[in-house]
Amino acid sequence: LISGDLDSTNETTAHSDAGSELEETEVKGKRKRGRPGRPPSTNKKPRKSPGEKSRIEAGIRGVGRGRANGHPQQNGEGEPVTLFEVVKLGKSAMQSVVDDWIESYKQDRDIALLDLINFFIQCSGCRGTVRIEMFRNMQNAEIIRKMTEEFDEDSGDYPLTMPGPQWKKFRSNFCEFIGVLIRQCQYSIIYDEYMMDTVISLLTGLSDSQVRAFRHTSTLAAMKLMTALVNVALNLSIHQDNTQRQYEAERNKMIGKRANERLELLLQKRKELQENQDEIENMMNSIFKGIFVHRYRDAIAEIRAICIEEIGVWMKMYSDAFLNDSYLKYVGWTLHDRQGEVRLKCLKALQSLYTNRELFPKLELFTNRFKDRIVSMTLDKEYDVAVEAIRLVTLILHGSEEALSNEDCENVYHLVYSAHRPVAVAAGEFLHKKLFSRHDPQAEEALAKRRGRNSPNGNLIRMLVLFFLESELHEHAAYLVDSLWESSQELLKDWECMTELLLEEPVQGEEAMSDRQESALIELMVCTIRQAAEAHPPVGRGTGKRVLTAKERKTQIDDRNKLTEHFIITLPMLLSKYSADAEKVANLLQIPQYFDLEIYSTGRMEKHLDALLKQIKFVVEKHVESDVLEACSKTYSILCSEEYTIQNRVDIARSQLIDEFVDRFNHSVEDLLQEGEEADDDDIYNVLSTLKRLTSFHNAHDLTKWDLFGNCYRLLKTGIEHGAMPEQIVVQALQCSHYSILWQLVKITDGSPSKYYNDYGDIIKETLSKTRQIDKIQCAKTLILSLQQLFNELVQEQGPNLDRTSAHVSGIKELARRFALTFGLDQIKTREAVATLHKDGIEFAFKYQNQKGQEYPPPNLAFLEVLSEFSSKLLRQDKKTVHSYLEKFLTEQMMERREDVWLPLISYRNSLVTGGEDDRMSVNSGSSSSKTSSVRNKKGRPPLHKKRVEDESLDNTWLNRTDTMIQTPGPLPAPQLTSTVLRENSRPMGDQIQEPESEHGSEPDFLHNPQMQISWLGQPKLEDLNRKDRTGMNYMKVRTGVRHAVRGLMEEDAEPIFEDVMMSSRSQLEDMNEEFEDTMVIDLPPSRNRRERAELRPDFFDSAAIIEDDSGFGMPMF
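Per this note's numbering, the sequence shown starts with residue 1387, numbered consecutively.
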């Protein structure tokens, strides 16, 4: 069966030049059945209970009973009825599933094999089902072609590639099932010349299919099947060796003690094991030649990776048969694969071989042939591959140092400076193996008891310094330390040895360190201190600081305490020795920033602090290099931290040092300015050197109390006037002045402006109130302009996509709400100002178009949400007019948008369309504050239907006009008054308080003053003005009647605050009106029955609802 299928799969000439013994073994035409005498299975579990066994057997037997039209079904209890479903769910132990399948196979091997075949078909994602007639009458090629026709071509997914945790677990269950199946059948069924022939033949055919799902699934199954057979072959080989030793031992016995029967049994057993071994090798040869040699170069990278991964397992598991050049060549060829995933599998397969040093002799030829390729892969474009390549080179170095040349090692050395940390760490491990693991063991044992420079680490530190200098990358010492931190941490933390190498003189016969070596050692030592104290990679390595574990945090604290206790004592001595070398001193002065400064107090080491401060002062006085001075300044800043008890001691020393330099600077400036153009070099040097020191300290310390700005300004002014000031002094003076200004700015910024609110808040309120009284429209324009400026600043900071729920946007909305409250309660007086505000706000929102297109919102659209805070201040008829003006800027697409970015527009439109009740209440409040008095009447109300009729009349009169400009409704001639108005005027006319004829900001003035009508609401035509004059007197009469109706309703409303107003005198009414108008924050008292009354009462405050005459005046809108 196998030979016929294998005849069609020929290996290419390029890959068949080197064969193996397994490849040369021909496939036998017949195989013997299982023989008695094999070792019994030791890994079988007890049989299951009858109930459990019946349920599982129902799932693995009876394909015809468990399927309908090729689709899996379930039994009445909801249990899976196919082998595929059992493996996919993974609820049962795999060995139990296999044992039950074996029982089914013993009862009817065709049915069991059919279920196994359908298992492989279904694992490929095919919906088709192989039936018993197809299995008995059709060849494998015909069955596969039939299944290909029933494959779902619409979906490219199949179980091995489907996402989700269930399918990820399916792959492991699938592989486990195949391994357990072979393991449980290794003593009988695999030798019956039926099951393995059928399975191998099917998998070979599927692996050659054009359908990726078939090819991928069958290759994985075949490779796992091969791995299981290799394990069986290994066990047989072990049994053969044991049997052969027993046979030799028995045969070498004396004739009298020799057991001939035992010899015959051992000889028969050895022969039987050899026959089984031959059969297993034939199976493996069939899989290898029929599937592997074709699929290891498949077009799909996943399939190639599977083959390389499994061949690595075979070579490691059964090295006697597979670890030779006949199989290693496939791994070597695949090192050049174009996909990083496959190259990665090759490297990991080789790592598992090179880890075992006993296998090195068998790998010698492969190493010599493919070493160059492996070394070059350390520079692979994919970092994961490069890391594994470096680890493989490290294993090769560990097994045989002669295998790598110096050039090969140098190619890996420079990778310790790589920006990618895993690559650098792997290269650091290689460097550690190469440089720090080659010393003589006997010499190491002799030096193990020594410490400091004579310890084993002394020579290793010298070697590290030489490597650092030879690399010629001195500015990357932190990268080198980070690369070696995981592999050489003990060496890098030996600060005692490092300081002894720097402080102590070399002993007789020891070569002293050069100046370059000392500088390099100091730089490396400072980097190791930083790495230990901060416990994170340097800048440029890694995406950021990760959270340390508890163990890492404890190690960090211990290391910090250790280095602090050591360098508190040794740092002053190091500064004293190298005080003349600016480079060394600049590096050494970085060490205190990593100290735990509490140890100065807790360890009673104040004397060492005094020694350190003394050395720092000496360094400041000795050097003028900017790096050294900035390091000293930073050290003082750290030691002066207020959280430590040593702050007072350090602050005194710092102040004394600054006092000394300030006095010196002042005297030097005076000398320099007095001499003028004849200043000599000494005076210039004194000013420049002192100014450099003060400028460096001014960067980290607030020196404003020393008033350095004055003398710096004098130097700059002299340079401007006379032009003889040296350039370096000008630069330093500018920089020092700059720092002085910045420190002053910090004080101003940190100050609390709110503490001046009590002093200046009332002034600002009064200013705003007077501004509104002078010109309401300009005041409204100022308010909306301020909001626009805040909005623009926010857009510049956060970009056009504002977070509408952020605190900044909420702050602008809150400010707009407070601005809206400043308009007071009289909406009639503020009508035009509020309308102007809305007009400017709408124009600002649509001022710019989105560059992406009209389907995207304008950049300032979010401002409408701020503008909606003023909608409650509009009269109802003005809301309609503003809404009409808004629609001029909208397109049909904008009106249909409902996305989140369009919510400000939707919110603003809703605020203009809705809110009729709030409008009526706000008009009520405005009318109640009018400076008039009348007799209150509690009788009579007009019918409700009259208001609806009047509203309809209003819509027909001004919204639907055909004029070129939309008109805002104004007072119209009076209709016939209702009985309520007639009954209200019960007092004599002489008792009524006369209406003032001219009042600033009142509605009559607005009606009869043409200048006040020249506004955003439009410029009326001349005939409109004449018409207003004709109807003015009629309107005043009607207005008096309306006031009577209003007062009657206000009395019935019985609002607490307004009832007091109506009971007061005229002067009290005027004061209350001004208070409502000018107050900054207004909170209306809630009314328990306001809503009910608003729903039942007609809107008498809407003049358009009472006055129905087309001859009334109108104010043009927009």
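Backbone N, C-alpha and C fix where the C-beta goes; we use that ideal spot for every residue, glycine too.
Would you tell me roughly how many angstroms separate the C-alpha atoms of residue i and residue j, rounded to the nearest one?
i, j, result
"R1513", "L1606", "20 Å"
"L1589", "F1556", "19 Å"
"K1757", "M1763", "10 Å"
"A1810", "V1798", "10 Å"
"D1766", "R1729", "10 Å"
"K2225", "N2097", "56 Å"
"L1974", "I1692", "55 Å"
"E2463", "R2203", "Legend: pLDDT at E2463 = 42, less than 50; position of this residue unreliable, value from coordinates given subsequently. Those two C-alpha atoms are separated by around 15 Å."
"L1749", "V1679", "21 Å"
"T2031", "K2020", "18 Å"
"A2219", "Q2237", "33 Å"
"K1414", "N1668", "With a pLDDT of 36 at K1414, under the threshold of 50, the predicted position of this residue should be treated as unreliable, though the coordinate-derived value follows. Rounded to whole angstroms, K1414 to N1668 spans 7 Å at the Cα level."
"Q1632", "Y1740", "34 Å"
"S2257", "K2162", "17 Å"
"K2156", "L2169", "14 Å"
"D2286", "A2166", "30 Å"
"E1788", "K1937", "40 Å"
Considering only residues of the same chain and omitting the five flanking positions on each side of residue i, which have a CB-CB separation below 8 Å?
i, result
"A1997", "P1958"
"I1637", "Inspection of the sequence shows that residue 1637 is occupied by Arg rather than by Ile. Excluding sequence neighbours, R1637 sits near R1644, L1649."
"V1779", "I1760, V1761, T1764, L1790, D1794, V1798, F1816"
"K2233", "P2244, N2246"
For residue i, which of the options has the nearest alpha-carbon?
i, options, result
"P2244", "R1631, E2218, L2291, L2207", "L2291"
"G1565", "V1473, D1501, S2023", "V1473"
"Y2071", "Y2030, D2037, K1715, H2009", "H2009"
"R2040", "L2074, Q2001, D2066, D2069", "Q2001"
"E1951", "L1983, E1647, L2043, P1545", "L1983"
"L1801", "L1870, L1739, I1488", "L1870"
"E1535", "I1954, Q1552, I1507, K1554", "I1507"
"R1807", "V1773, I1782, L1783, H1784", "V1773"
"L2058", "L1995, L2094, V2036, R2100", "R2100"
"D2264", "G2239, R2283, Y2234, T2300", "T2300"
Residues in the same chain with beta-carbon distance under 6 Å from residue i, minus the five sequence neighbours each way, listed in chain order, please.
i, result
"E2016", "S2082"
"H2269", "L2298"
"S2012", "none"
"R1777", "A1812"
"L1877", "N1843, L1846"
"R1836", "Here R1836 scores only 49 on pLDDT, less than 50, and its place in the model is too uncertain to base an answer on."
"R1743", "G1785"
"M2422", "Residue placement at M2422 is flagged as unreliable, the pLDDT there being 48, under the threshold of 50; a coordinate-derived value is accordingly withheld."
"I2106", "none"
"T1365", "Residue 1365 is absent from the structure shown; the chain starts at 1387 and stops at 2504."
Excluding the 5 residues preceding and the 5 following residue i in the sequence, name in chain order all residues of the same chain whose CB lies nearer than 7 Å to its CB.
i, result
"E2278", "none"
"G1961", "Correcting the residue identity first, residue 1961 is Leu in this sequence and not Gly. Within the same chain, L1961 has close Cβ partners V1971, L1974, Q2001, V2005."
"G1591", "D1391, N1526, A1527, I1530"
For residue i, report the span of its alpha helix (DSSP H) as first-last.
i, result
"I2002", "1992-2008"
"E1897", "Counting along the chain, E1897 falls outside any alpha helix (DSSP H), and DSSP gives it neither H nor E."
"K2266", "2262-2273"
"W1700", "1687-1703"
"E2282", "2278-2282"
"P1545", "No alpha helix (DSSP H) contains P1545, which DSSP labels as neither H nor E."
"N2030", "Note on identity: in this sequence residue 2030 is Tyr, with Asn being the wrong assignment. Careful: Y2030 lies outside any alpha helix (DSSP H) and carries neither H nor E."
"P1808", "1807-1821"
"K2133", "2113-2136"
"T1605", "1598-1637"
"D1485", "1480-1493"
"N1742", "Note, N1742: premise wrong, no alpha helix (DSSP H); not H, not E."
"I2070", "2067-2086"
"V1798", "1792-1799"
"Q1875", "1875-1878"
"P2290", "2289-2299"
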